[in-house]
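Contents: one structure, followed by commentary.
In the working numbering, the protein residues as written are 928 to 1089.
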């Protein structure tokens, strides 16, 4: 179930998550709305709010919250990790796949291939680089010689054992 960003406060967002806790998964939270301009938008304000709300979930104290999929301003592997450490085991990308081809560092491949390439392999903000940073700081450990994305989640469960 996709939860939208309501024009109410952060507490309301958490209440929506609790009310939707019987869903198999929640996409959290799509778009902000500017009533003056009459448009919905994303960007840094959206990801700031989403991450602020998700940070209020407490491991073990937020029972019943289903699988989470983050959305909003996902333009780097670093942002993917920011959502993961707040409980999102996956993310949705929309706008990042719509950039002009010259915006991606890769010079070959489809738009999707170029977008995924930078999200994963950017030497500073790619998913792999950020996971290696976390390993170096002692915030992520290898299992069987590998770094595992789901080990970024703050609360393991039956779906994501460590």
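The beta-carbon is built from N, C-alpha and C at its ideal position, and this holds for glycine as well.
Extent of the continuous alpha helix (DSSP H) to which residue i belongs
i: residue 1048; result: 1038 to 1048
i: residue 939; result: 937 to 946
i: residue 1008; result: 1004 to 1011
i: residue 982; result: 971 to 982
Beta-carbon proximity of residue i to residue j, cut-off 8 angstroms
i: residue 981; j: residue 955; result: yes
i: residue 1022; j: residue 957; result: no
i: residue 1005; j: residue 1052; result: yes
i: residue 1054; j: residue 1018; result: no
i: residue 1016; j: residue 994; result: yes
Residue environment, residue i, which counts as buried when at least 16 other CB atoms sit within 10 Å
i: residue 1059; result: exposed
i: residue 971; result: exposed
i: residue 1013; result: buried
i: residue 1063; result: exposed
i: residue 1041; result: buried
i: residue 930; result: buried
i: residue 934; result: exposed
Residue i, enclosing beta strand (DSSP E) - first and last residue
i: residue 1024; result: Run containing residue 1024: none; DSSP gives neither H nor E here.
i: residue 928; result: Taken as a continuous stretch (DSSP letters only), residue 928 belongs to no beta strand (DSSP E), as it is neither H nor E.
i: residue 1065; result: No beta strand (DSSP E) contains residue 1065, which DSSP labels as neither H nor E.
i: residue 995; result: 994 to 998
i: residue 953; result: 952 to 957
Cβ distance (whole Å) where residue i is taken to contact residue j below 8 angstroms
i: residue 868; j: residue 973; result: Only positions 928 to 1089 of the chain appear in this structure, which leaves residue 868 out of reach.
i: residue 941; j: residue 1011; result: 19 angstroms between Cβ atoms; not a contact.
i: residue 1032; j: residue 1045; result: 6 angstroms
i: residue 928; j: residue 992; result: The pair is not a contact, with the Cβ atoms about 12 angstroms apart (cut-off 8 angstroms).
i: residue 1024; j: residue 1039; result: 6 angstroms
i: residue 1067; j: residue 1077; result: Contact doesn't hold; Cβ gap of about 11 angstroms is too wide.
Proximity winner among the options, relative to residue i (alpha-carbon distances)
i: residue 932; options: 950, 978 and 952; result: 978
i: residue 976; options: 949, 938, 950 and 963; result: 938
i: residue 950; options: 996, 963 and 934; result: 996
i: residue 1020; options: 1057, 1036 and 1043; result: 1043
Any chain B beta carbon closer than 8 angstroms to residue i
i: residue 933; result: The question asks about chain B, but that chain is absent: this structure has only one protein chain.
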